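Novice: What follows is a single structure, and I will ask about it in a moment.
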Amino acid sequence: MRAIGIVAEFNPFHLGHQRLIDYARESLQADVIVVAMSGDLVQRGEIAFADLKTRTEWALDAGVDLVIGQPVWGSLQAADRFASAGIHSLSMASCQAFLCGSEWGSADQLLQASQLVKAADPLKLKQALRSKGQGEVGYAERLQSFWSGTCVERFMQQPNSQLALSYALANADLDQAMTPYLYKRATAHDQKELDKNCEQVSGSILRQIFREENVEVKLKNFPIFDWIPQKELKSLIKFGKIEPYDFWPLLQHILLTSSMKQIESIYGVDEGIGPRLVTAAKEAVSYEDWLRLSHHRRITYARLRRLAMCLVFQLTREDMAMDQRFSSQARRILGASEKGRNWLKGIASGKLLASYKLYDQLNPIDRKVEIVLENWYHPYGVWQRMKKPVIR
36 MRAIGIVAEF NPFHLGHQRL IDYARESLQA DVIVVAMSGD LVQRGEIAFA
86 DLKTRTEWAL DAGVDLVIGQ PVWGSLQAAD RFASAGIHSL SMASCQAFLC
136 GSEWGSADQL LQASQLVKAA DPLKLKQALR SKGQGEVGYA ERLQSFWSGT
186 CVERFMQQPN SQLALSYALA NADLDQAMTP YLYKRATAHD QKELDKNCEQ
236 VSGSILRQIF REENVEVKLK NFPIFDWIPQ KELKSLIKFG KIEPYDFWPL
286 LQHILLTSSM KQIESIYGVD EGIGPRLVTA AKEAVSYEDW LRLSHHRRIT
336 YARLRRLAMC LVFQLTREDM AMDQRFSSQA RRILGASEKG RNWLKGIASG
386 KLLASYKLYD QLNPIDRKVE IVLENWYHPY GVWQRMKKPV IR
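Given below as structure tokens:
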């Protein structure tokens, strides 16, 4: 049997994801489809739009056979570390190949780009990233300049292409590398403006739509079932009623009452940015305002959002240390179809926890985040903590 893996968040699940899954099954002839899925905190630095149980159900309903939970230390990371955690999870599930979406390129070009990066002189790269001055040009721009004229530059120009390259680099580090496959994406994952005529809107646009007031009325203006499965509609309306930035008063309180030593113990608060975060918290009147005031060329919005989550949930450098955990930290099995369960019987899956009686073996920060969110969102009556895998 052939297992193909996908790293995903389904935040929320849409028909673009369905096409990716169908491509794995129909075009790549996958017998088993495995998804390594982010937990309650996602890569862009936000609380997931829907709870873990609901997103697992969406995945299984779409044809996924095995859903593995990504630990917080793997999901709440910049692209390279996010990709490494996901690729290792798929490897732990004995996937022979992985599939990812990309705005550009082919599998052969992806392999070529990853080989160029692996062969690069680390000293020359380090010097190039520093040569133009830290305060004048952003890190991403300096990195693209270093790879100018190569296929690496092309992969770095779009968010999903960049993530695809990160997957390929992580895959190359495995003892037994998987075969990479690319699927051409119709839209960028961070699409900012709604185009009613596009084949598929991004998850960002869907979250925006379902968080609007009177969403049931406004949905009549959109071809919504061209973008999402019909049976998902009620869930999206339900989760859209959650205020996404309820945590702002707590974040502001933490920044204004904690010592600088405490703030700088939090993962990601480095390079002397702590005072800037505190100053912004004193002046800001909302979370969006704090992001704007804290932003700097060297501090991207994505990094700030991840920092905010680490501050709110008090995730320290030790909590989020991941390098030594790729193969030692157990991953939860969130859900499985009959095919997925049969696949588990045939592989060495001791590091994948199907029994929630083993819950204490999980990283404590995953348990902490789940419990906090369950209590936090209790008034909405929609958020559930997973207590056992979803079986189909």
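For the sequence shown, my numbering begins at 36 and goes up steadily by one.
Glycine is no exception: its CB is placed at the ideal position from the N, C-alpha and C atoms.
Being a predicted model, the structure only gives us computed values, none of them experimental.
On the criterion of 16 or more Cβ atoms from any shown chain inside 10 Å, does A118 qualify as buried, or is it exposed?
Specialist: Sequence index remark: in the sequence shown, residue 118 carries index 83 (1-based). Result: buried.
Novice: Taking S293 as the reference, which of V347, R341, L134, L339 has the closest Cα?
Specialist: Against the sequence shown, residue 293 aligns to sequence position 258. Nearest of V347, R341, L134, L339 to S293, Cα basis: V347.
Novice: Using DSSP bridges, identify the partner residues of V152.
Specialist: The residue you call residue 152 lines up with position 117 of the sequence shown. According to DSSP, which records beta bridges pairwise, V152 is partnered with nothing at all.
Novice: Pick helix, strand or coil for R376, following the three-state DSSP scheme.
Specialist: Your numbering for residue 376 matches position 341 in the sequence shown. Reduced to three states, the DSSP call for R376 is helix.
Novice: The beta strand (DSSP E) with A113 in it runs from where to where?
Specialist: As a working note, residue 113 is residue 78 in the sequence shown. In the DSSP assignment, A113 falls outside any beta strand (DSSP E) and carries neither an H nor an E.
Novice: Are there 16 or more other CB atoms within 10 angstroms of the CB of Y202, so buried, or fewer, so exposed?
Specialist: The residue you call residue 202 lines up with position 167 of the sequence shown. Buried is the call here.
Novice: If we define contact as Cβ-Cβ less than 8 Å, is F190 a contact residue for chain B?
Specialist: Given the protein chain composition of this structure (a single chain), no chain B is represented.
Novice: Please classify A132 as buried or exposed, where buried requires at least 16 neighbouring CB atoms within 10 angstroms.
Specialist: One-based indexing of the sequence shown puts residue 132 at position 97. It counts as buried.
Novice: Smallest Cα separation from E353: which of I301, I308, L241, L326?
Specialist: As a first step, residue 353 is located in the sequence shown; it is residue number 318 there, counting from the start. Checked all of I301, I308, L241, L326; the closest Cα to E353 is I301.
Novice: So the candidates are E92, I298, W108, I41; which of them puts its Cα closest to the Cα of Q364?
Specialist: Here residue 364 is taken as the residue at index 329 of the sequence shown, counted from 1. It is W108.
Novice: Roughly how many whole angstroms lie between the Cα atoms of E323 and W378?
Specialist: Numbered from 1 along the sequence shown, position 288 holds the residue referred to as residue 323. Numbered from 1 along the sequence shown, position 343 holds the residue referred to as residue 378. Looking at the two C-alpha atoms, the distance is approximately 45 Å.
Novice: Whole angstroms are fine: how far does the CA of N410 sit from the CA of A148?
Specialist: Locating residue 148 in the sequence shown gives position 113, counting from the first residue. Locating residue 410 in the sequence shown gives position 375, counting from the first residue. Using only the alpha carbons, I get a separation of about 45 Å.
Novice: Could you tell me the alpha carbon to alpha carbon distance between W262 and A38, rounded to whole angstroms?
Specialist: Locating residue 262 in the sequence shown gives position 227, counting from the first residue. Locating residue 38 in the sequence shown gives position 3, counting from the first residue. The C-alpha of A38 is placed about 27 Å away from the C-alpha of W262.
Novice: Please report the residue range of the alpha helix (DSSP H) in which A207 lies.
Specialist: Your numbering for residue 207 matches position 172 in the sequence shown. Note, A207: alpha helix (DSSP H), 194–207.
Novice: Nearest to A71 by alpha carbon, out of E81, C135, R54, T335?
Specialist: Sequence index remark: in the sequence shown, residue 71 carries index 36 (1-based). Residue C135 is the option with its Cα nearest to A71.
Novice: How should E251 be labelled, buried or exposed, when 16 other C-beta atoms within 10 angstroms of its C-beta is the threshold for buried?
Specialist: Counted from its first residue, the sequence shown places residue 251 at position 216. So E251 counts as exposed.
Novice: Considering only C-alpha positions, which residue in the set L369, G238, E138 is nearest to K219?
Specialist: Stepping through the sequence shown from its first residue, residue 219 is reached at position 184. Of the listed residues, the one whose Cα sits closest to K219 is E138.
Novice: Following the continuous beta strand (DSSP E) through A71, name the residue where it begins and the one where it ends.
Specialist: As a position in the sequence shown, residue 71 is number 36, starting the count at 1. Bounds of the beta strand (DSSP E) holding A71 are 67–73.
Novice: To which residues of the same chain is L50 closer than 8 Å at the C-beta, ignoring the five residues directly before and after it?
Specialist: Translated into the one-based positions of the sequence shown, residue 50 becomes position 15. So the qualifying residues of the chain are Q235, D261, W262, I263, P264.
Novice: Starting from the C-beta of R189, find all residues in its chain whose C-beta is less than 6 Å away, skip the five residues before and the five after it, and write them out in chain order.
Specialist: Indexing the sequence shown from 1 puts residue 189 at position 154. Around R189: W139.
Novice: Among the residues of its own chain, which have a CB less than 7 Å from the CB of Q197, if the five just before and after it don't count?
Specialist: Mapped onto the sequence shown, residue 197 falls at position 162. Around Q197: A114, F190, M191.
Novice: Helix, strand or coil for K403 per DSSP?
Specialist: Position 368 of the sequence shown holds residue 403. Helix at K403.
Novice: From the DSSP secondary-structure annotation, give me the bridge partner or partners of V425.
Specialist: Counted from its first residue, the sequence shown places residue 425 at position 390. According to DSSP, V425 bridges with G370.
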